[in-house]
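Undergrad: If you're matching them up, the sequences are chains A and B in order. Start counting the first sequence at 1; every next residue gets the next number (our numbering). Start counting the second sequence at 1; every next residue gets the next number (our numbering). Cβ atoms here follow ideal geometry from the backbone N, Cα and C, with glycine treated the same way.
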Amino acid sequence: MRNYENLVIVKPTLTAEEIQASVKAIEEVITSNGGEIAATSPMGMRKLAYPIEKNERGYYHVIYSSIAPSAISEIERRFRINEDLLRFVTIKYDTNREKAAFNGMVEKAKKAAEAPKVETPAVETPAAVEAPTETPAVETEAPVATEAAAE
Amino acid sequence: MAEKRKYKKRYCKYCEAKVDFMDYKDAGALRFSLSERYKIMPRRLTGNCKRHQDMISVVIKRARAAALVPYTVTRKHVVTAPFENLK
Numbered sequence: 001m002r003n004y005e006n007l008v009i010v011k012p013t014l015t016a017e018e019i020q021a022s023v024k025a026i027e028e029v030i031t032s033n034g035g036e037i038a039a040t041s042p043m044g045m046r047k048l049a050y051p052i053e054k055n056e057r058g059y060y061h062v063i064y065s066s067i068a069p070s071a072i073s074e075i076e077r078r079f080r081i082n083e084d085l086l087r088f089v090t091i092k093y094d095t096n097r098e099k100a101a102f103n104g105m106v107e108k109a110k111k112a113a114e115a116p117k118v119e120t121p122a123v124e125t126p127a128a129v130e131a132p133t134e135t136p137a138v139e140t141e142a143p144v145a146t147e148a149a150a151e
Numbered sequence: 001m002a003e004k005r006k007y008k009k010r011y012c013k014y015c016e017a018k019v020d021f022m023d024y025k026d027a028g029a030l031r032f033s034l035s036e037r038y039k040i041m042p043r044r045l046t047g048n049c050k051r052h053q054d055m056i057s058v059v060i061k062r063a064r065a066a067a068l069v070p071y072t073v074t075r076k077h078v079v080t081a082p083f084e085n086l087k
């Protein structure tokens, strides 16, 4: 078993549920071929650096897993058949230095997966938005008044 | 000295930071070794050592495949702030 990282870009034209379903299907491809998923980290919808199949955006998803080297070709074959995928990148983490980096990234991904449960309160934002909108209105009125007075 | 050097020969920034591993997903960190047109900057201009230049060139090529960094930027296909996704 060797450590691999699969980065997958899913089509942006799908709905959020369909994207989640296709991500699950991708993870199943890995597990069904004898891979063990260590961690996953969704990078979310991002703008692509260049259009792929006329798509400007894409949903990025990273899967860290340990897979037998012989199974990689089969997994990549399945990825190529999948039409929901725009692009996939498979990277091997083999040397000691790379393995250490791999473990670090897996822990980071696990922590990131736990973190979003603590949501920041969204109550403060409306008040913050209201306050600036009021002040410019006063400022804009004042110059008009002075101009009128000057004329 | 027939021609004045445009760039001063510098030390390797990655050696100073003791970088052992680069992550291709962190596209903002690759910016230092990319030119305005997103070409890989040569070692003689950035001052990178051979070891780190080899690392960065592999990492940039991976990031290009993953559409995190553009291959080329031309006048017709201008990339508007490709690192805007990063915070």
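May I have the straight-line CA-CA distance separating residue 42 of chain A from residue 74 of chain B, to the nearest angstrom?
TA: Counting from one through the first sequence, the residue named residue 42 of chain A turns up at place 42. Counting from one through the second sequence, the residue named residue 74 of chain B turns up at place 74. Approximately 31 Å between the Cα atoms of the pair.
Undergrad: Counting C-beta neighbours from all protein chains within 10 Å, is the total for residue 64 of chain B 16 or more, i.e. buried, or is it exposed?
TA: Residue numbering aside, residue 64 of chain B sits at position 64 when the second sequence is read from its first letter. Under this definition residue 64 of chain B is a buried residue.
Undergrad: Pull up the distance between the alpha-carbon of residue 55 of chain A and that of residue 19 of chain B, whole angstroms please.
TA: If you number the first sequence from 1, residue 55 of chain A lands on position 55. If you number the second sequence from 1, residue 19 of chain B lands on position 19. Note on geometry: alpha-carbon atoms of residue 55 of chain A and residue 19 of chain B lie some 35 Å from one another.
Undergrad: Inspect the beta-carbon positions of residue 89 of chain A and residue 31 of chain B and report whether they are closer than 8 Å.
TA: Translated into positions along the first sequence, residue 89 of chain A becomes position 89. Translated into positions along the second sequence, residue 31 of chain B becomes position 31. Against a cut-off of 8 Å, the Cβ pair of residue 31 of chain B and residue 89 of chain A comes out as no contact.
Undergrad: Assuming residue 48 of chain B contacts residue 33 of chain B (C-beta within less than 8 Å), just tell me the rounded distance between them.
TA: For the purposes of this step, residue 48 of chain B is taken as residue 48 along the second sequence, with counting starting at 1. For the purposes of this step, residue 33 of chain B is taken as residue 33 along the second sequence, with counting starting at 1. At roughly 7 Å, the Cβ-Cβ gap stays under 8 Å, so residue 48 of chain B and residue 33 of chain B are in contact.
Undergrad: Pop quiz: residue 60 of chain A and residue 35 of chain A are said to be a contact at Cβ under 8 Å. What is the actual Cβ separation, rounded to whole angstroms?
TA: Within the first sequence, residue 60 of chain A is the residue found at index 60, counting from 1. Within the first sequence, residue 35 of chain A is the residue found at index 35, counting from 1. Not confirmed; about 20 Å, so no contact.
Undergrad: So residue 63 of chain A and residue 87 of chain A are supposed to be a Cβ contact under 8 Å. How far apart are they, rounded?
TA: Indexing the first sequence from 1 puts residue 63 of chain A at position 63. Indexing the first sequence from 1 puts residue 87 of chain A at position 87. Actually they do not touch by this definition, with Cβ atoms about 14 Å apart.
Undergrad: In terms of alpha-carbon separation, which member of A:21, A:114, A:115 and A:105 lies closest to residue 22 of chain B?
TA: Translated into positions along the second sequence, residue 22 of chain B becomes position 22. If we check each option's Cα against that of residue 22 of chain B, A:105 comes out closest.
Undergrad: Using beta-carbon positions only, say whether residue 112 of chain A and residue 68 of chain B come within less than 8 Å of one another.
TA: Translated into positions along the first sequence, residue 112 of chain A becomes position 112. Translated into positions along the second sequence, residue 68 of chain B becomes position 68. The answer is no: Cβ separation not under 8 Å.
Undergrad: For residue 91 of chain A, decide whether its Cβ has a neighbour in chain B, counting only Cβ atoms nearer than 8 Å.
TA: Indexing the first sequence from 1 puts residue 91 of chain A at position 91. Chain B contact via Cβ: present.
Undergrad: Over what stretch of residues does the alpha helix (DSSP H) that includes residue 103 of chain A continue unbroken?
TA: In the first sequence, counting from the first residue as 1, residue 103 of chain A sits at position 103. Residues 96-114.
Undergrad: So that I know if they touch, is there some Cβ in chain B lying closer than 8 Å to that of residue 97 of chain A?
TA: Looking up residue 97 of chain A in the first sequence gives position 97. Closer than 8 Å to some Cβ of chain B, the Cβ of residue 97 of chain A qualifies, so yes.
Undergrad: Looking at the unbroken alpha helix (DSSP H) that takes in residue 23 of chain A, where does it start and where does it end?
TA: If you number the first sequence from 1, residue 23 of chain A lands on position 23. Its alpha helix (DSSP H) spans residues 16-32.
Undergrad: For a test of the three-state rule: what should DSSP assign to residue 67 of chain B, helix, strand or coil?
TA: Mapped onto the second sequence, residue 67 of chain B falls at position 67. DSSP, read as helix, strand or coil, puts residue 67 of chain B in coil.
Undergrad: Pull up the distance between the alpha-carbon of residue 31 of chain A and that of residue 43 of chain B, whole angstroms please.
TA: Looking up residue 31 of chain A in the first sequence gives position 31. Looking up residue 43 of chain B in the second sequence gives position 43. Looking at the two C-alpha atoms, the distance is approximately 42 Å.
Undergrad: Start and end of the beta strand (DSSP E) containing residue 45 of chain B?
TA: Here the question's residue 45 of chain B lines up with position 45 in the second sequence. Counting along the chain, residue 45 of chain B falls outside any beta strand (DSSP E), though it belongs to the alpha helix (DSSP H) covering 43-46.
Undergrad: Three-state secondary structure (DSSP) at residue 55 of chain B?
TA: The residue given as residue 55 of chain B occupies position 55 in the second sequence. In the structure shown, residue 55 of chain B sits in a helix (DSSP, three-state: H, G or I).
Undergrad: Would you say residue 5 of chain A and residue 75 of chain A are within 8 Å of each other, going by their C-beta atoms?
TA: As a working note, residue 5 of chain A is residue 5 in the first sequence. As a working note, residue 75 of chain A is residue 75 in the first sequence. No, the pair does not count as a contact, with Cβ atoms beyond the cut-off.
Undergrad: Just mark residue 24 of chain B as buried or exposed, buried being the case when its beta carbon has 16 or more other beta carbons within 10 Å.
TA: Against the second sequence, residue 24 of chain B aligns to sequence position 24. Buried is the call here.
Undergrad: Residue 59 of chain A bridges to which residues according to DSSP?
TA: Residue mapping note: residue 59 of chain A aligns to position 59 of the first sequence, counting from 1. For residue 59 of chain A, which the question treats as bridged, DSSP gives the partners A:10 and A:45.
Undergrad: Is residue 21 of chain B helix, strand or coil by DSSP?
TA: The count along the second sequence starts at 1 and reaches residue 21 of chain B at position 21. Coil at residue 21 of chain B, not helix or strand.
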